[in-house]
Structures are given as C-alpha cells and as structure tokens.
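Engineer: Residue numbers (this note's numbering): 689 to 869.
Beta carbons are placed, not taken as given, at the ideal position from N, Cα and C, and that holds for glycine.
Please find one structure pasted underneath; my questions will follow.
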C-alpha cells in the first residue's frame with residue numbers, strides 16, 4: 689500500500705523486511721522478486737548504482753530459476769538504470785533483451801515497457817522525431833478502452849513537443865492527457 693501511495697521511504701524497509709523473510713524461509717522466487725522490488729525503489733529514487741546492484745542480483749537468480757518473466761523484467765530494469773547513467777548503448781542492448789523476452793511471453797504491457805526504453809534513449813539523445821514516431825505507434829496500438837496507456841502516451845508526446853519548442857502543441861497534448869486521467 690505504501691508503494692502505491694508513492695511513500696517510498698516507508699516502502700523501502702518493508703521491502704527489505706520481505707526480502708529477508710524470503711531469504712530466511714529459503715524461497716528463491718520470493719528472493720528474486722524481493723530483490724527486484726528493492727531495485728525498483730532505488731530506480732525510482734534515482735540511485736542507479738544501488739538499483740543496478742539489486743537488479744543484477746535479481747537477474748542472476750532469475751537465470752538460475754529459468755523464469756522468462758523475471759528475466760524480461762530485470763532486463764527492463766537494467767535498461768532503465770543505463771538510461772539514468774546515460775549509457776545509451778547498454779540501455780538499447782538491455783531494451784532489446786527485454787523486448788525479445790516480452791514478445792516470447794506475448795506480454796503486450798511488457799512490450800510497451802521495452803518501447804519506453806527506446807523512447808527514452810531517443811528523447812535524451814535529441815532524436816525527437818524518432819521518439820514522436822514511437823509514441824504515435826504506441827497510441828495507434830493501444831486498446832481504445834485503455835485510458836492509462838493513452839493518457840501516458842499523450843503526456844510523453846507533450847514532453848517531446850516541449851523539448852522540440854512546439855509549446856502550443858505540448859499544452860494541448862498535456863491537457864488531453866490530464867482530461868483522460
């Protein structure tokens with residue numbers, strides 16, 4: 689509950705406690721997920737070094753267990769860490785690994801996460817037209833009943849328009865995003 693309330697300071701000790709419980713009862717799948725959860729908090733709080741450490745440990749355990757979903761998720765996490773570290777090659781490499789696994793899993797939400805990696809790399813490296821094309825593709829593929837994907841896509845398009853000095857368009861897209869939320 690604290691995670692969904694964006695109270696990450698309260699969430700971290702709870703996630704660490706859960707991780708220790710999983711270790712105590714020797715639940716490898718629980719440990720793998722617990723490591724991922726702790727890593728994700730560090731990612732959200734812009735501590736890429738700590739996030740990388742936990743994602744890498746989580747991924748190693750997922751490899752031992754042979755689970756594709758955690759492998760895809762940790763590849764995505766490592767891509768996002770690479771973005772925070774401005775390592776565009778690593779971000780792209782991990783993004784492709786996540787995308788490959790999500791496609792194999794037929795996980796459309798995960799494929800959207802992988803696309804977000806590529807969007808961020810394009811955005812941060814000034815390739816605005818490429819980022820714009822990715823968001824248009826995401827919006828075209830989105831289920832018309834999926835307001836969350838549509839509003840997020842519009843918000844990301846607004847961000848690109850603002851960076852590309854297209855303020856009027858950015859304001860309209862952001863307003864549309866907010867109206868959908």
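Count the other CB atoms, across all protein chains shown, that sit within 10 Å of the CB of residue 797; report buried if there are 16 or more and exposed otherwise.
Structural biologist: Looking at its Cβ environment, which holds fewer than 16 other Cβ atoms inside 10 Å, residue 797 is exposed.
Engineer: Using beta-carbon positions only, say whether residue 726 and residue 703 come within less than 9 Å of one another.
Structural biologist: The answer is yes: Cβ separation under 9 Å.
Engineer: Would you report the Cα separation of residue 782 and residue 775, rounded to the nearest angstrom?
Structural biologist: C-alpha separation (whole angstroms): 11 Å.
Engineer: Would the segment 803-818 and the segment 840-848 be scored as touching if the rule is three or more Cβ pairs under 8 Å?
Structural biologist: Verdict: yes, contact present.
Engineer: Is residue 693 near the ligand GDP, going by C-beta to nearest heavy atom under 8 Å?
Structural biologist: Ligands displayed in this structure: none; no statement on the ligand GDP is therefore possible.
Engineer: Just to confirm before moving on: does the CB-CB distance between residue 806 and residue 780 stay below 9 Å?
Structural biologist: Yes, Cβ-Cβ distance for residue 806 and residue 780 is below 9 Å.
Engineer: Quick check: what's the CA-CA separation for residue 763 versus residue 717?
Structural biologist: Approximately 17 Å between the Cα atoms of the pair.
Engineer: Check residue 875 in the structure and name its three-state DSSP category.
Structural biologist: Since the displayed the chain opens at 689 and closes at 869, residue 875 lies outside it and no answer follows.
Engineer: How many Å lie between residue 788 and residue 853 at the Cα?
Structural biologist: Cα to Cα, residue 788 sits roughly 34 Å from residue 853.
Engineer: Nearest-angstrom Cα distance between residue 856 and residue 773?
Structural biologist: The alpha-carbon atoms of residue 856 and residue 773 are separated by roughly 32 Å.
Engineer: Can you check which of these residues, 695, 767, 744, 711, is closest to residue 733 by C-alpha distance?
Structural biologist: Nearest C-alpha to residue 733: 695.
Engineer: With DSSP as the reference, label residue 813 as helix, strand or coil.
Structural biologist: Coil, per DSSP.
Engineer: Out of 830, 863, 741, which one is the CA nearest neighbour of residue 799?
Structural biologist: Considering only alpha carbons, the answer is 830.
Engineer: Residue range of the alpha helix (DSSP H) that residue 719 falls in?
Structural biologist: From DSSP, the alpha helix (DSSP H) with residue 719 extends over 716-732.
Engineer: Can you check the segment 820-863 for any alpha helix (DSSP H) of at least 4 residues that lies completely inside it and give the ranges in chain order?
Structural biologist: For the segment 820-863, whole alpha helix (DSSP H) runs of length 4 or above, ordered along the chain, are 835-851.
Engineer: Just to confirm, is the Cβ distance from residue 842 to residue 868 under 9 Å?
Structural biologist: Against a cut-off of 9 Å, the Cβ pair of residue 868 and residue 842 comes out as a contact.
Engineer: Does the beta-carbon distance from residue 844 to residue 823 come in below 9 Å?
Structural biologist: It is a contact, given that the beta carbons lie within the stated cut-off.
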